[in-house]
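Asks: Just so you know, we're using this note's numbering here: the sequence shown kicks off at 582 and counts up by one.
All residues carry an ideal CB built from backbone N, CA and C; glycine is no exception.
Just so we're clear, the structure is a prediction, and the values are computed from it rather than from any experiment.
Please see the structure below; I have some questions.
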Amino acid sequence: MVKIAVIGGGPGGYVAAIRGAQLGAEVTLIEKDKLGGTCLNVGCIPTKALLHSAGLYEEVKNGSNVGIMAEPKLDFKQVQAHKAEVVERLVSGVTGLMKVNKIKYIKGTAEFERADTLRIRSENGVQAATFDKIIIASGSVPFLPPIPGIEHPCCIDSAGALSLEEVPSSMVIIGGGVIGIELATAYSAFGSKITIVEMMPEILPMMDGELTRIVRKNLERKGIKILTATKVVSIEDQQKCAGVRVEAQGKEEVISGEKVLVCVGRRADTESLQLQKANIKTERGRITVNEWMQTSQPNVYAIGDCASPVMLAHIASAQGELTAEHALGHAGVYLEQTNPSCVYTEPEFAAVGLTEEKAKEKKIDYIVGKFPLAANGKALIMNGGEGMIKIIADAKYKEVLGMHILGPRATDLITEGALAIRLEATLEELISTIHAHPTLGEAVRESALAGEKRAIHIP
Ligand code: FAD
């Protein structure tokens, strides 16, 4: 029986472990903290739980036009309790999956002794064990930029923001990426005065520019202040608050925050692994891998945040399945272009494949099909008529190359775009697929029609 070790129990590691066990391997999973990793404990799930409460709170407050008159009361302790309950249920679900799949789970820290041998430190002491294949899925940790004053007690990272006991009266968020924007959305709805400081010319730089500008306007309309092309110079003490000194075009100002949330990115968590002992190469902090996620030692794989430039849970899981299959002699498929990116703003923002900017950069001859959600019945029913669906297709064959959705349930709808790209579908194939009425999905079909210059519901 092939012996596989998996280091890390996040969405990369636990999925790899299950797939390995399904294929008949003897799998040991070593996790130093909690099963579920960043995603379940301090990432995807807790943020979305907070955002769900925040969204509901806003929806009830603004429900008068659909006939709901109520003044909701925020019980933030219960918001946090709901979040904790969801996290606990999911973590215990993963624990159950380890048992059902007969995976040996060790709560401990693994480090390399050699390319095939791990030293595992747990409450039972230190043991060395040899494996045929090792999958590293050690994830990532927040990156703390070297800003003078960043050690101020008011400064928190995303995990800190997710476990606050009270809603701060004000929060300065350093970093206008996905995590910063999502936490801004949640805490602004809960009543915090939010300022986002972003060094780049625009927030969410990897997303479609046209739709991002609408997202920005939506955030600003909610009272969130966004300073782009602005650099944080230092963080100063202001008794119970911190003052964030920022600079833009030679002018400085100090913004006060009861909390300063630092979310400028994350870095691979490889420090505890002693990779040099196994001669495993890294590049700019990430473990170097080939297309099969093999490291410089072919029996050792690295997946998810510790190896991937794009840090997302579904990427870690897809790579987990792929590597377990490859390690056991099966060929898997991993297609980068079908990776969706989701931002849980209100309304949601999701994308897959090429943006218009990337299509231009790559000199691809493309066409665009756009459909405003103001012309979609379901979106209007849901008070979500402000968004848009945008499809990028190859000009000659009309193959779908990218889909960008701003609107209600965008994060669920984007799967249609991912599937279209996976199947190399054309606009005509989206059009000839009947979409139920009234649904948001009809707007996907209409944007494909718009790409073919024959939209029905726009003049
Ligand atoms: P992780 O989930 O980080 O798991 C790695 C595990 O390895 C950890 O549990 C760690 O304790 C363990 N470990 C590390 N070193 C060792 C060692 N030496 N021995 C034993 N164990 C070790 N992604 C999405 O797709 N959608 C989202 O909505 C989303 N929201 C996010 C929100 C926030 C606030 C954050 C911070 C992240 C979010 N992400 C989201 C990113 C997502 O959480 C990560 O991409 C994902 O968790 C990566 O999975 P992983 O398995 O590679 O690593």
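Below 8 Å, how does it come out for the region 798–810 and the region 734–749: are there three or more Cβ pairs, yes or no?
Replies: Because the criterion of three Cβ pairs below 8 Å is not met, the region 798–810 and the region 734–749 do not touch.
Asks: Any heavy atom of ligand 1 closer than 7 Å to the beta-carbon of D993?
Replies: No.
Asks: What does the Cβ neighbour count give for R794, buried or exposed, with the cut at 16 atoms within 10 Å?
Replies: R794 should be labelled exposed.
Asks: Grab me the residues of V596's own chain with a C-beta within less than 7 Å of its C-beta, minus the 5 sequence neighbours each way, in chain order.
Replies: So the qualifying residues of the chain are S898, G901, E902.
Asks: Tell me whether A597 sits in a helix, a strand or coil according to DSSP, three-state version.
Replies: Looking at A597 - three-state DSSP - the assignment turns out to be helix.
Asks: Is I649 a contact residue of ligand 1, with contact defined as CB to any heavy atom under 7 Å?
Replies: Incorrect: I649 has no Cβ contact closer than 7 Å to ligand 1.
Asks: From this set, E669, L994, E1010, I970, which residue's C-alpha is nearest Y978's C-alpha?
Replies: Among E669, L994, E1010, I970, the Cα nearest to that of Y978 belongs to E1010.
Asks: So the candidates are D614, K664, P1040, Q819; which of them puts its Cα closest to the Cα of T628?
Replies: Minimum Cα distance to T628 is reached at K664.
Asks: Quick check: the Cα distance between N880 and L961, rounded to an integer number of angstroms?
Replies: Using only the alpha carbons, I get a separation of about 54 Å.
Asks: When you compare only the Cα positions, how much space is there between H943 and K840?
Replies: Checking the displayed sequence, the identity of residue 943 turns out to be Lys instead of His. Taking the straight line from one Cα to the other gives about 41 Å.
Asks: Between E1023 and N957, is the Cβ-Cβ spacing less than 8 Å?
Replies: Yes; because the gap between Cβ atoms is below 8 Å, this pair is in contact.
Asks: Do the CB positions of L743 and L631 come within less than 8 Å of each other?
Replies: Yes; because the gap between Cβ atoms is below 8 Å, this pair is in contact.
Asks: Less than 6 Å between C-beta atoms, sequence neighbours within five positions excluded: which residues of the same chain meet that for S922?
Replies: Around S922: A932.
Asks: Rounded to the nearest angstrom, what separates I816 and I1015 at their Cα positions?
Replies: Taking the straight line from one Cα to the other gives about 55 Å.
Asks: What three-state label does DSSP hand Q819 in the structure shown?
Replies: Three-state result, Q819: strand.
Asks: What is the residue span of the beta strand (DSSP E) that S719 lies within?
Replies: No beta strand (DSSP E) holds S719; DSSP gives it neither H nor E.
Asks: Does the distance between the C-beta of P592 and the nearest non-hydrogen atom of ligand 1 fall short of 7 Å?
Replies: The answer is yes for P592.
Asks: Residues bridged to D975 by DSSP?
Replies: According to DSSP, which records beta bridges pairwise, D975 is partnered with Y947.
Asks: State the beta-bridge partners of T1020 as determined by DSSP.
Replies: In the DSSP output, where bridge partners are listed per residue, T1020 has none listed.
Asks: Tell me which residues share the same chain as D818 and place their Cβ nearer than 7 Å to its Cβ, disregarding the 5 neighbours each side in the sequence.
Replies: For D818, where only same-chain residues beyond five positions count, the Cβ hits under 7 Å are H733.
Asks: In chain order, what are the residue ranges of uninterrupted beta strand (DSSP E) at least 3 long that sit wholly in the region 853–925?
Replies: Fully enclosed beta strand (DSSP E) runs of 3 or longer: 881–883, 922–924.
Asks: When DSSP labels each residue in this structure, what does P592 get in the three-state scheme?
Replies: Residue state, collapsed to three classes: coil.
Asks: So for K798, helix, strand or coil by DSSP?
Replies: Reduced to three states, the DSSP call for K798 is helix.
Asks: If you follow the beta strand (DSSP E) that E834 is part of, which residue opens it and which one closes it?
Replies: First-last of the beta strand (DSSP E) with E834: 832–838.
Asks: Measuring CB atoms only, is the region 708–723 touching the region 882–890, in the sense that at least three cross pairs come out at less than 8 Å?
Replies: Yes, they touch.
Asks: Is the CB-CB distance between L954 and R990 below 8 Å?
Replies: No, the pair does not count as a contact, with Cβ atoms beyond the cut-off.
Asks: Under the three-state reduction of DSSP, which class applies to F712: helix, strand or coil?
Replies: Coil.
Asks: To which residues does DSSP link P953 through a beta bridge?
Replies: According to DSSP, P953 bridges with M969.
Asks: What distance in whole Å lies between the Cβ atoms of I784 and T809, which are believed to be in contact at a cut-off of 8 Å?
Replies: Contact flag correct, Cβ pair sits at about 7 Å.
Asks: Consult DSSP for T809 and reduce its assignment to one of helix, strand or coil.
Replies: It is coil, neither helix nor strand.
Asks: Buried or exposed: A823, going by 16 or more other Cβ atoms within 10 Å of its Cβ?
Replies: Classification for A823: buried.
Asks: Check whether the Cβ of E828 sits closer than 7 Å to any heavy atom of ligand 1, and report yes or no.
Replies: Outside the cutoff, so no.
Asks: Ligand 3 heavy atoms versus the CB of S721: any closer than 7 Å?
Replies: You won't find ligand 3 in this model; what it holds is ligand 1.
Asks: Ordered along the chain, which non-local residues of its own chain (more than five positions away) have a Cβ less than 8 Å from that of D738?
Replies: Answer for D738: P723, L725, L842, V843, C844, listed in chain order.
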